[in-house]
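Participant: The working numbering puts the first residue of the sequence shown at 45, with every later residue one more than the last. Ideal Cβ positions, reconstructed from N, Cα and C, are used throughout, including at glycine. Note that the coordinates shown come from a computational prediction; the quantities given were computed from them, not determined experimentally. Take a look at the following structure, please.
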Amino acid sequence: MNFWEKLSEKLMDLGNMAIAGVLFGNLVAFQKNEIAYGWIFVGLVFSAILYTVAFFIARRQQ
45 MNFWEKLSEK LMDLGNMAIA GVLFGNLVAF QKNEIAYGWI FVGLVFSAIL
95 YTVAFFIARR QQ
């Protein structure tokens, strides 16, 4: 595996962690009868950016 493939995988892992963090944070917020809409938006945008960058890096290598 070269550097770009490893970087692409790490970015996708970060995107997965961002989505998991949003889900876990809202699970905690639901316990308090609140919904963290701002954090949902931030997490989804952040993961979408990471996935997009990882996609273009992987595509560049082919």
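Rounded to whole angstroms, how far is the Cβ of M56 from the Cβ of A92, which I believe are closer than 8 Å?
Facilitator: Rounded, the Cβ-Cβ distance is 12 Å, inconsistent with contact.
Participant: In chain order, what residues of the same chain have a beta carbon less than 7 Å from the beta carbon of R100, not counting five sequence neighbours either side?
Facilitator: The question names Arg, but residue 100 in the sequence shown is Phe. Nothing meets the Cβ criterion.
Participant: Are the CB atoms of V66 and L94 nearer to each other than 8 Å?
Facilitator: For V66 and L94, no; Cβs fall outside 8 Å.
Participant: For A73, collect the residues of the same chain with a Cβ closer than 7 Å to its Cβ; drop the 5 residues on either side in sequence, then sort them by chain order.
Facilitator: The residues are I79, A80.
Participant: Under the three-state reduction of DSSP, which class applies to K76: helix, strand or coil?
Facilitator: Here K76 sits in coil by DSSP.
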